[in-house]
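First residue of the sequence shown: 29, per this note's numbering; consecutive thereafter.
We put the CB at the ideal spot given by N, CA and C, even for glycine.
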Amino acid sequence: MVDEPEDDTNLNERLLDVLVYAPIGLVLTAVEEFPRMAERGRSRLGVRVSSARAMGHLVVVAGGKELHRRSNGVLRRPGRAPAAPPAPDPTPGPGLHSVSTEPATTAPPHVTNGSTVPPPGTPSPGPRVSSHVPDASDLAIPAYDTLSASQVVQRLDGLSRGQLVAARAYEDGTRGRRTILSRIDQLLDERA
29 MVDEPEDDTN LNERLLDVLV YAPIGLVLTA VEEFPRMAER GRSRLGVRVS
79 SARAMGHLVV VAGGKELHRR SNGVLRRPGR APAAPPAPDP TPGPGLHSVS
129 TEPATTAPPH VTNGSTVPPP GTPSPGPRVS SHVPDASDLA IPAYDTLSAS
179 QVVQRLDGLS RGQLVAARAY EDGTRGRRTI LSRIDQLLDE RA
């Protein structure tokens, strides 16, 4: 019978340890150790976090612009007439090689040295805007269309000036990813 009060005391001490002293000790240790733990995490992940933040910012800005471009005319305010439909996107898709803003003529155009010109005797309809987009298979980066922007950017440093120009023409004429175009422009400026 003498052992029972001692067991109750041990049980009470254990409950106090688990429910009071351990949580208080944990909080005090966390407060003291927090700056050191944060510094260790920052040193290990700082570069990755800042890169992810920069890419996230770029995605949000570019996505916002694209959303605004696509929603132009879709969103209407009450009491206003609907906006005119957006102009068709002149950017060629994969497999297309040139973009022309030249109005259609009644006679079929002639092809001379790879460029389309109106037939002789046809009056010129005005300035013609055309840009050549190479095939993805002609680029120095294999499987270009399957790569993300960050993967393409990693492969640009090893390209020659001519290969960079071809990659820029392709990217500008297809997906128009700003990260790739900016890096190509930077490399072309460095090699000028």
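Worksheet entry | Reference Gln191, options Ile169, Asp200, Ser78, closest by Cα | For this step, residue 191 is matched to residue 163 along the sequence shown. Of the candidates Ile169, Asp200, Ser78, the one whose C-alpha sits nearest the C-alpha of Gln191 is Ile169.
Worksheet item: Per the contact definition of three or more C-beta pairs closer than 8 Å, is the stretch 170–179 in contact with the stretch 196–211?
Response: Yes, the stretch 196–211 touches the stretch 170–179.
Discussion item. Classify Leu167: buried if its beta carbon has 16 or more other beta carbons within 10 angstroms, exposed otherwise.
Written reply: For the purposes of this step, residue 167 is taken as residue 139 along the sequence shown, with counting starting at 1. Buried: at least 16 other Cβ atoms inside 10 Å.
Worksheet item: Under a three-way DSSP split, which group does Ser188 fall into?
Response: As a position in the sequence shown, residue 188 is number 160, starting the count at 1. Ser188: coil per DSSP, three-state reduction.
Worksheet item: Under a three-way DSSP split, which group does Ile212 fall into?
Response: On the sequence shown, position 184 is the one that residue 212 refers to. The answer is helix: DSSP assigns Ile212 an H, G or I state.
Worksheet entry | Assigned exposure category for Tyr198 - 16 Cβ within 10 Å defines buried | Numbered from its first residue, the sequence shown carries residue 198 at position 170. When all chains shown are included, Tyr198 counts as buried.
Fill in: Spatial distance of His160 from Met65 (CA atoms)
Residue 160 sits at position 132 when you count from the first residue of the sequence shown. Residue 65 sits at position 37 when you count from the first residue of the sequence shown. The straight-line gap from Cα to Cα measures roughly 55 Å.
Discussion item. I'd like the span of the alpha helix (DSSP H) that includes Pro51, first residue to last.
Written reply: Taking the sequence shown and counting its residues from 1, one reaches residue 51 at position 23. Segment 50–99, the alpha helix (DSSP H) holding Pro51.
Fill in: Among Asp217, Tyr172, Ser210, Glu67, the one whose alpha carbon lies nearest that of Arg189
Against the sequence shown, residue 189 aligns to sequence position 161. It is Asp217 whose Cα lies nearest to the Cα of Arg189.
Worksheet item: Who are the near neighbours of Val48 in its chain, counting only those whose CB is closer than 7 Å to its CB and skipping five residues on each side?
Response: As a first step, residue 48 must be located in the sequence shown, where it is residue number 20. Excluding sequence neighbours, Val48 sits near nothing in its chain.
Item to complete: Could you work out which residue in Asp163, Arg211, Pro162, Gly53 is closest to Gly18 when comparing CA atoms only?
Response: The chain is shown from 29 up to 220; residue 18 falls before or after that span and cannot be answered.
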